[in-house]
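S.K.:
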Amino acid sequence: MGSGRKSWLKYRVVLYAVVAIGAFLYRNHIDWSRILPATGDRTGDGGALVIGGRDLAPALVDVLLDHYRRDYPDLVVITPAGGSNLALEDLVNGRADAAFLSRPVTADEQDLFRRADDDTAIVAPIGIGAILILAGSESPLGRPAADGPAPMTLAQFAGLLDGEMQGLADRFYAADPNLGHWAAAARRVGRSTDPADAPAVVFLADDAEVVRAVTHDPRSLGMIATFDLPAEPRRTLFAGDDPTAGPVIVPVRGTESEAGFPPTYESVATGDYPLFVPLFVACRAAGDIQGGKFVTHLTSGRGQRQIERAGCIPARRVPHEVYLTRRAPGR
138 MGSGRKSWLK YRVVLYAVVA IGAFLYRNHI DWSRILPATG DRTGDGGALV
188 IGGRDLAPAL VDVLLDHYRR DYPDLVVITP AGGSNLALED LVNGRADAAF
238 LSRPVTADEQ DLFRRADDDT AIVAPIGIGA ILILAGSESP LGRPAADGPA
288 PMTLAQFAGL LDGEMQGLAD RFYAADPNLG HWAAAARRVG RSTDPADAPA
338 VVFLADDAEV VRAVTHDPRS LGMIATFDLP AEPRRTLFAG DDPTAGPVIV
388 PVRGTESEAG FPPTYESVAT GDYPLFVPLF VACRAAGDIQ GGKFVTHLTS
438 GRGQRQIERA GCIPARRVPH EVYLTRRAPG R
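When the sequence shown is numbered by my numbering, its final residue is 468 and no position is left out of the sequence of numbers.
1) Taking a contact to mean a Cβ-Cβ separation below 8 Å, would you say phenylalanine 413 touches isoleucine 268 in this structure?
2) Helix, strand or coil, according to DSSP, for glycine 231 in the structure here?
3) Helix, strand or coil for leucine 298 per DSSP?
4) Using the C-alpha atoms, what's the distance from arginine 252 back to glutamate 395?
5) Assign alanine 396 to one of three DSSP states: helix, strand, or coil.
6) For glycine 264 and isoleucine 450, what's the separation of their Cα atoms in angstroms?
7) Rounding to the nearest angstrom, what Cα-Cα distance links glycine 428 and alanine 194 in this structure?
8) Taking only three categories from DSSP, how would you classify valine 418?
9) Would alanine 235 and valine 389 be called neighbours here (beta carbons separated by less than 8 Å)?
10) Within the region 316–384, note down every full alpha helix (DSSP H) run reaching 4 residues or more, in order along the chain.
11) Quick one: what's isoleucine 265 bridged to in DSSP?
12) Taking serine 276 as the reference, which of Asp299, Ser357, Tyr410 and Val432 has the closest Cα?
13) Select from Ala423, Ala406, Ala233 and Thr330 the residue whose C-alpha is nearest the C-alpha of threonine 216.
14) Residue range of the beta strand (DSSP E) that alanine 119 falls in?
15) State the DSSP-derived secondary structure class of alanine 224, mapped to helix, strand or coil.
16) With DSSP as the reference, identify every bridge partner of leucine 186, one or two as the case may be.
17) So if DSSP puts isoleucine 426 in a beta bridge, which residue, or which two residues, is it bridged to?
18) Taking phenylalanine 294 as the reference, which of Asp409, Val387 and Tyr205 has the closest Cα?
19) In terms of DSSP beta bridges, what is valine 260 paired with?
20) Report the partner residues of valine 389 according to the DSSP bridge assignment.
21) Please state if the CB of threonine 330 and the CB of alanine 342 are separated by a distance shorter than 8 Å.
22) Work out the CA separation of leucine 249 and glycine 448 for me, nearest whole Å.
23) So, at 7 Å on beta carbons, what are the nonlocal neighbours of valine 200 in its own chain, with the 5 sequence-adjacent residues on each side left out?
24) So arginine 535 and leucine 298 are supposed to be a Cβ contact under 8 Å. How far apart are they, rounded?
25) Run the CB neighbour count on proline 336, radius 10 Å, all protein chains shown included, and call it buried at 16 or more, exposed below.
26) When the Cα of glycine 296 is compared with those of Asp313, Asp334, His318 and Ile259, which residue comes out closest?
27) With a cut-off of 8 Å on the beta carbons, I'd call histidine 318 and alanine 362 a contact; round off their distance for me.
28) Does the distance from the C-beta atom of leucine 278 to that of methionine 289 stay below 8 Å?
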C-alpha cells in the first residue's frame with residue numbers, strides 16, 4: 138500500500154472518529170464546555186473566573202483576589218454583586234465558577250446540584266467573622282462611660298431579632314437577609330432565620346447602609362458582619378480624631394454574670410465573643426476547572442495564611458487545650 142493511500146486512510150479514520158464523538162455528544166445532550174476546560178488553555182493563566190458572594194465580605198474578598206491575580210496575571214476575575222442566596226443560584230445555573238457563602242449548602246440545594254451535574258457541590262469552610270452590634274449615641278448601650286459601652290447579653294440580642302426593643306432603642310437595623318448574616322445571627326440564638334418573623338426590624342441594602350442609618354439615628358441599634366477583625370477594640374467604625382463620632386461597637390456577653398467582650402480577633406477566635414458568622418467557599422464538582430483551582434487555593438496552607446494576614450480568622454485556627462506533663466508519651 139502506497140504512502141499516499143495510507144495517509145488518506147488515517148485521515149478517514151480520524152474524520153469518522155470526530156463525527157462519531159460529535160454525534161454521541163449531541164444525542165446525549167453533553168455540553169462541550171464540560172470537556173473543553175480540561176484540554177484548553179484555561180488550565181493555565183488564561184481564561185475567566187466568575188466568583189459570586191463578594192458582598193458577604195468585600196474587603197476580604199478583594200484582598201484575596203489581589204493575591205490570586207498575582208499567581209494568574211492573565212486570568213480575568215469577575216465578581217458580580219450579591220450575597221449567599223444569589224451566589225448559590227448562580228453556581229447551580231452555571232453562571233458562576235465559585236461562590237462565597239455564609240452557611241453550608243443544604244440537602245435540598247445539593248439535590249439541585251445533583252440534577253444539574255449528577256454530583257454535589259464542593260463546599261469548604263475558610264474563615265470566621267464577627268457579627269457586630271452598633272449603638273447610636275442616645276441608646277443606653279451607646280452612651281459614653283468611664284469603662285466603655287455597656288455590654289449586651291445574648292438574651293437581649295435574641296429579643297432584638299424578635300423585634301423587642303427592650304428600652305435599648307427605638308429602631309433596629311440589619312442588612313439585607315439575602316446576604317446571609319441575618320440567618321447566621323438567628324441560628325446563634327435559636328431564632329427563626331425567616332426575616333418575615335421579624336416585622337419590627339428595618340432591613341437595609343447592605344452593612345454600609347446600616348452604619349449610616351445608626352449614625353444618623355441616635356436612638357437606634359444595628360447589626361452588621363465583618364471579617365476584618367482588629368487586634369484591639371475599636372470604639373467606632375470611622376477613622377478620625379473624634380472618638381465619639383459614629384456608632385459605638387457594643388461588647389457582648391453570654392449571660393448577665395459573664396463579662397462582656399468586644400469583637401476583636403482574639404475574642405472571636407477563642408469564643409469569648411459569642412456572635413460569629415462563618416465564611417465558606419464552594420464550586421461545582423463538575424464545573425469549570427477554574428472554580429476548583431480557586432477553592433483548592435483558599436483551603437491550602439498558603440491560602441489560609443493569606444486569609445489570616447487579611448485580618449480574618451482562618452478556618453484552620455481551631456482553639457485547643459494544651460496539656461503539660463512530665464510523663465513521656467506512651468508511658
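Cβ atoms here follow ideal geometry from the backbone N, Cα and C, with glycine treated the same way. All values reported here derive from a predicted model rather than from experimental measurement.
M.R.: Short version:
1) It is a contact, given that the beta carbons lie within the stated cut-off.
2) Reduced to three states, the DSSP call for glycine 231 is coil.
3) Residue state, collapsed to three classes: helix.
4) Cα to Cα, glutamate 395 sits roughly 49 Å from arginine 252.
5) Residue state, collapsed to three classes: coil.
6) Distance between the alpha carbons of glycine 264 and isoleucine 450 is about 5 Å.
7) Distance from the CA atom of glycine 428 to the CA atom of alanine 194, rounded to whole angstroms, is 18 Å.
8) Strand.
9) The answer is no: Cβ separation not under 8 Å.
10) Those alpha helix (DSSP H) runs which fall completely within the region 316–384 and span 4+ residues are 318–325 and 344–353.
11) According to DSSP, which records beta bridges pairwise, isoleucine 265 is partnered with Pro415 and Ile450.
12) When Asp299, Ser357, Tyr410 and Val432 are compared, the shortest CA-CA separation from serine 276 is found for Ser357.
13) Looking at the Cα atoms, Ala233 is the closest of the given residues.
14) This structure cannot speak to residue 119, because the chain is shown only from 138 to 468.
15) The three-state reading of DSSP puts alanine 224 in helix, counting H, G and I together.
16) In DSSP, leucine 186 forms a bridge with Val214.
17) Isoleucine 426 pairs with nothing; no bridge assigned.
18) That would be Val387, whose Cα lies nearest to the Cα of phenylalanine 294.
19) For valine 260, which the question treats as bridged, DSSP gives the partners Ala419.
20) Its beta-bridge partners are Met289 and Phe398.
21) No, Cβ-Cβ distance for alanine 342 and threonine 330 is not below 8 Å.
22) The straight-line gap from Cα to Cα measures roughly 34 Å.
23) In its chain, beyond the 5 residues on either side, Ala447 have a beta carbon closer than 7 Å to the beta carbon of valine 200.
24) No answer is possible for residue 535: the residues shown for the chain start at 138 and end at 468.
25) The residue is exposed, with fewer than 16 neighbouring Cβ atoms inside 10 Å.
26) Checked all of Asp313, Asp334, His318 and Ile259; the closest Cα to glycine 296 is Asp334.
27) About 4 Å separates the beta carbons of histidine 318 and alanine 362, which is inside the 8 Å limit, making them a contact pair.
28) Contact: yes.
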